[in-house]
Structures are given as structure tokens and as C-alpha cells.
Amino acid sequence: MVNVRSNGVIRLSLPPPHVIFLRDLSIPALQTLLLSREQQEQLQQRPRRGPVATASAAAGAEAAASGRQPAPAGPAVAARGAGPAGAAARPADEPAAGGRATVVVSTRAAARAMFTEHDAALAGRTVYEAMRYGGDGENEGSIITAQVGPAWRMLRRLCATGFFTAARLDALRGVRAACVDRLVRRLRAAAGSPVDLGRLLFLTAFNHTGNLVLSRDLLGTKEGEEFFYHAERIMELVGKPNVADFVPWLRRLDPQGIQRGMAAHIGRALEIVGGLVKARVAEREKGVRSGDEKRKDLLDVLLEFEGNGVDEPRKLSLDTINKVIVEIFIAGIDTTAGTMEWAMAELLRDRSAMAKAQSELRSAAADGEVEEQRLTALPYLSGVIKETLRLHPPLPLLVPHRAVRACAVLGFGVPEGAQVLVNAWALGRDPATWREPGRFWPERFGEGGEAAAVEFKGRHHEFIPFGSGRRMCPAIPLVSRLLPRVLAALLLAFDWDLPPPPPPARADVDMGERMGISLRKAVPLVAVPVPRRGTREF
């Protein structure tokens with residue numbers, strides 16, 4: 001996105017994978033240098049104002065209206081400058097760095113038009129340098145970054161209908177139960193002492209993914225610990241702004257070493273996963289791996305795939321399987337753990353909301369327990385999760401889309417090849433849609449609330465933390481089970497306090513943000529678990 005000011009200063013978006021970093025560059029001729037003649041003509045022919053637009057940052061006004069302190073400015077809150085609601089609209093289709101025209105979708109009407117009328121035209125992916133698997137420019141074998149085609153459709157269908165199904169996920173509830181029980185035991189062991197809850201939730205998400213995908217605890221094993229190290233490094237590198245993404249001739253030079261670092265860490269992660277996959281293949285050949293069809297893990301599903309042999313392979317290559325597994329770890333861990341940490345941070349700031357959630361859970365529990373299938377029916381707990389996702393979408397600008405052909409969204413021209421960013425952060429805070437948008441208010445999703453019927457499954461375009469259309473996250477059914485299970489365990493088994501700060505400061509939760517592969521707290525959440533009497537292991 002480029003905003004051209006009256007003084008000729010061009011405000012650029014420097015886009016790492018999931019967020020825009022803003023810098024001011026006084027180069028009035030940049031459009032001529034970076035864009036092709038055809039792109040320049042398309043930009044000049046389109047209307048200068050329209051419903052698909054960016055807007056200036058309204059974070060301060062929004063925070064003041066809600067009574068909150070605005071978060072510090074920086075990369076993590078750059079989505080605020082890419083279309084927060086309530087600010088004056090400006091053209092969104094100005095040329096962006098790297099020779100790309102960039103369109104930012106920031107209103108419900110524009111998002112609805114994009115995903116219902118132009119989903120196919122805008123279903124491509126902008127692939128940044130840090131997101132490439134070696135020299136594989138099209139990222140074949142990736143569910144997230146591969147371009148739409150037979151290979152991508154095959155993997156998408158395999159995950160959506162072969163693994164992330166209600167029947168299979170319900171059969172695997174024991175996996176979630178074991179991981180949550182381990183978290184509760186660790187917290188009980190630390191009772192009365194400050195714990196880095198964000199870190200524990202991250203480890204829980206990693207362990208859960210290992211069991212879901214590979215049917216094993218990775219932490220505590222040599223290869224698991226090494227894989228965890230490389231996974232963390234990959235998440236850090238993907239979230240860094242990369243100058244090579246917007247200055248094409250620097251790609252070969254890799255001045256920040258991001259491509260070299262990614263190649264090393266992804267390469268080693270793929271090697272580790274490859275060893276685990278080969279071990280599973282050997283087990284299957286010996287007949288060791290058998291059991292209930294519904295209890296198969298993702299690796300089983302991938303190994304047993306049988307394609308049509310026409311526009312998809314008869315069997316998936318081990319290379320493709322390795323990529324899918326690494327991607328699920330990288331994409332799923334940080335986003336899941338971050339959402340759980342934000343939810344607990346909001347509840348620790350709003351003790352009334354925490355008390356309501358705990359009261360609801362304890363009323364529903366029998367002997368200190370509550371079954372997983374009942375959790376999604378608890379309206380206040382559901383409201384807490386939705387409100388957290390509204391205020392803190394894991395990917396504020398989702399994963400960048402790309403126009404595979406030119407189209408007009410609500411009459412606003414989008415040229416072929418343009419990068420399309422969907423500002424989920426702004427959609428969730430639009431005062432035209434949400435009353436008191438900056439307030440954490442789970443009741444808005446309850447019976448009689450303004451958003452009682454609103455879900456995050458892609459149909460309500462004012463609330464799409466996991467996207468919409470054909471590129472929507474296929475793991476929503478899993479998220480819908482895991483988030484309430486973990487939060488219910490934390491709230492049912494414990495009361496929570498904040499560690500006392502040095503005087504004269506008052507205990508509070510720092511809500512500053514940082515950007516990695518997803519939107520996370522800048523300062524990890526540290527809290528004190530106080531076990532409740534009479535509650536058994538969750």
C-alpha cells in the first residue's frame with residue numbers, strides 16, 4: 001500500500017508474511033520505477049475513492065473511546081494503519097514496494113464482495129521470500145502458500161474431509177485430554193508461584209500438535225527438542241520484515257540473512273520430520289500400525305491417500321508429506337497458543353468476566369469435571385473465545401492473497417497480480433458494525449447480544465479471524481474444540497492472580513503487541529495459579 005501525501009512523501013507498506021510495516025520514503029518517482037506501464041495505467045484509470053480502502057490509524061481515538069490505553073506503536077500494530085474503521089477512506093490500490101499493487105480490504109461489504117463474488121479471482125497467494133521452500137517458487141506441497149491448482153485442491157480436500165472432520169476429531173478427544181491434563185499438573189506443581197503462562201501454552205500447543213500429527217510426545221526426545229528449536233527459529237524469521245521482499249534486486253544478496261536462515265532451519269526441520277515419517281512407514285510395513293480408523297493421526301491419513309492418477313498423484317511423495325507436517329506445526333502452534341494467552345490476559349484484566357466464565361463452568365461441571373462436547377454449548381465461554389479472536393485475530397491481515405486475474409470489487413479495480421490484504425483486525429473493530437469495538441465484552445455474543453448469531457467460520461465477513469472462501473483455514477473444527485478445552489481447564493481448576501509488582505506500581509497486564517508468525521503479546525503473560533479445592537484432574 002502506498003499513500004501519496006500532498007507533500008509528495010510516499011507512505012509505503014513493507015510487507016513481511018502477515019503484517020505491513022510502515023516507513024516513510026521521500027521518493028515521488030517510486031511508482032514509475034517499480035510498476036509496469038500496464039499496472040500504472042490500471043491504477044490511474046480506477047476511481048480515487050471507493051469502499052475497498054485503507055484508512056489512517058485510528059488506534060488512539062478508538063482506545064480513548066473505550067477507556068483503554070493505546071498499545072505502543074510498532075510493527076505489531078501496523079494493521080491499525082491499514083484500514084482501522086472510523087478513519088477517513090483513502091484509495092487502497094496504490095502501488096506497493098516490490099513492484100506490487102496492493103489492495104487492503106477493510107470493510108464488511110468489501111470483504112463480503114471479495115469472498116462471495118470474486119473468491120476465485122483473488123485466491124492466489126503472494127509468497128514472500130521467507131515463505132518459500134528452497135527453490136520451489138510455487139510452494140507445491142504447501143496448503144497455505146501454494147497457488148490454487150490440482151495439487152493444492154488435493155491437499156486441501158485431504159485435510160478438510162480426511163482429517164479435520166467432526167468424527168475424526170471427536171475420536172481424538174483423548175489426545176486433547178491428555179495434553180490438557182499435563183498442563184494442569186504442571187500448573188498445580190507451581191501453585192502459588194508466578195508462571196510464564198504464555199510459554200506453557202506454547203509448549204502445550206506444540207505437544208498437542210505432535211500427538212495429533214504423529215501420535216507421540218516430541219518434547220523430551222532428542223529429535224523432538226531439536227525440531228522445537230528449529231520451529232521457534234522459523235517462526236521468528238517469518239515474522240521479520242525482509243527488505244528483499246520490496247527491493248527485488250536485493251533478493252540474491254539476502255542482506256539480512258533471512259533466506260539463508262530459513263533455508264537452514266526449514267531444511268533441518270524437514271530432515272527431522274522425514275526421519276519420523278520413514279520410521280512410521282517401516283512400522284506400517286511390519287504391520288505394527290493398526291487400529292480404529294477414526295483414531296488415525298494425520299500422518300496415517302497422508303500415507304494412505306490414493307489419488308486419481310490424472311491431475312493428482314496416486315500416492316503422496318514423502319517430500320510432500322514432510323512439508324505438510326512442518327507447515328501444520330509452524331502455522332498451528334503460534335496462532336493457537338497466542339489466542340489462549342490473549343484470552344487469559346483479557347480475563348485477568350476484567351475480573352468480572354473471569355468470574356462469569358468460572359461460574360458458568362462450575363455450574364456445568366459434575367465432580368469438578370465437564371465433558372468436552374458440552375463446552376461449545378456454554379454461551380459465556382464461547383463469548384470469551386469469540387471476543388478474544390475479534391480483538392486479537394491471530395493474523396491481523398490474514399495470509400496475503402493475490403489477484404490471479406483482474407476484477408472489480410464493488411466497482412474498485414484490482415489489477416492482475418495485485419497483492420490483496422484483508423484487514424481482519426479492522427473488520428473486528430469497525431464501529432459501524434460493533435458497539436464499543438475496543439471493549440472486551442463477551443456478552444455481545446450471548447443471547448440477545450448484538451452478535452448472538454455471529455460465528456468465525458467464514459460466513460460473517462465482519463468477523464473472519466481464520467479467513468473466508470476457498471483459502472479459509474481448514475483447521476477451524478479443531479480450533480473450535482481445543483480453545484474451549486484449554487480455557488475451561490485453566491478456569492475450572494484454578495483461580496488466578498497477578499504477581500505483585502515493585503511498589504508503588506499497581507498490578508496490571510501489559511497488552512502491548514509484537515508480530516512473529518502471528519500477533520502475540522509483547523510481554524509474556526505471567527500469572528499465579530491458585531488451585532481450587534475439590535476440583536479433580538480436568
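Heads up: the sequence shown runs through residues 1 to 538, numbered per full-length UniProt numbering. For each residue, glycine too, the CB sits at the ideal point set by N, CA and C. Note that the coordinates shown come from a computational prediction; the quantities given were computed from them, not determined experimentally.
Partner residues in the beta bridge of K521, as assigned by DSSP, are E513.
As DSSP reads the structure, Q259 sits in no beta bridge.
Leaving aside the five residues that flank L478 on each side, the residues in its chain whose CB is nearer than 7 Å to its CB run, in chain order, F164, L169. Nearest neighbour of R173 by Cα position, chosen from Q373, E450, P465, turns out to be Q373. Note that the stretch 491-503 touches the stretch 357-366; at least 3 beta-carbon pairs, one per stretch, sit closer than 8 Å.
Counting C-beta pairs closer than 8 Å gives fewer than three between the stretch 311-327 and the stretch 182-194, which falls short of the contact rule.
The C-beta separation of D119 from R459 comes to about 13 Å, leaving the pair out of contact by the 8 Å criterion. Looking from the CA of A488, the closest CA among F412, R533, A365, L519 belongs to A365.
Look at the beta carbons and you see the stretch 393-413 not touching the stretch 347-356: under three pairs across the two are nearer than 8 Å.
When the beta-carbon positions are compared, A121 and R405 come within less than 8 Å of each other. In the structure shown, the three-state DSSP call for G307 is coil.
When the alpha-carbon of L219 is set against those of L237, C179, F445, the nearest one is in C179. Beta-bridge pairing by DSSP links D196 to V526.
The alpha-carbon separation between W249 and M262 amounts to approximately 19 Å.
Annotation for A231: the continuous alpha helix (DSSP H) segment containing it runs 222-238.
Here R295 is actually not in contact with A101; their C-beta atoms are around 48 Å apart, not less than 8 Å.
Between P194 and V486, the beta carbon gap of about 20 Å keeps them out of contact (Cβ cut-off 8 Å). Annotation: the stretch 406-456 contains the following complete segments of the beta strand (DSSP E) (minimum length 3 residues), in chain order: 407-409, 412-414, 419-422. Counting the other Cβ atoms within 10 Å of the Cβ of G198 gives 16 or more, which makes it buried. Runs of the alpha helix (DSSP H) spanning 4 or more residues and lying entirely within the stretch 106-133 occur at 108-117, in chain order. When the Cα atoms are used, A282 and P313 turn out to be separated by approximately 22 Å.
By the Cβ neighbour-count rule, A432 is exposed, with fewer than 16 other Cβ atoms within 10 Å of its own.
Cβ-Cβ distances below 6 Å link F202 to A337 in the same chain, with the five nearest sequence neighbours on each side left out; the list follows chain order. Where D497 is concerned, the enclosing beta strand (DSSP E) starts and stops at 494-497. For V103, the secondary structure class from DSSP, reduced to helix, strand or coil, is strand. Counted as a single uninterrupted DSSP element, the stretch harbouring T165 is not any alpha helix (DSSP H), since DSSP gives it neither H nor E. Under the 8 Å Cβ criterion, the stretch 412-431 counts as touching the stretch 449-464, having at least three qualifying pairs. DSSP places R295 within a helical segment (H, G or I) once states are collapsed to three.
Residue burial annotation: S363 is exposed, with fewer than 16 other C-beta atoms found within 10 angstroms of its C-beta. By the criterion of a C-beta distance shorter than 6 Å, Q259 is surrounded in its chain by E129, once the five residues flanking it on both sides are discounted. A direct Cα-to-Cα measurement between K315 and R280 gives close to 16 Å.
Scanning its chain for C-beta atoms nearer than 7 Å, with the 5 sequence neighbours on each side dropped, one finds around E450 the residues R435, R444, in chain order. The beta carbon of A269 sits closer than 7 Å to the beta carbons of F227, H230, A231, I234, V326 from its chain, once the five residues preceding and following it are set aside; these are given in chain order. Residue pairing by DSSP leaves P501 without any beta bridge partner. Taking each of R439, L302, P499, L482 in turn and checking the Cα distance to D508, the smallest one comes out for P499. Residue pairing for R402: DSSP places it in a beta bridge opposite G124, Q419.
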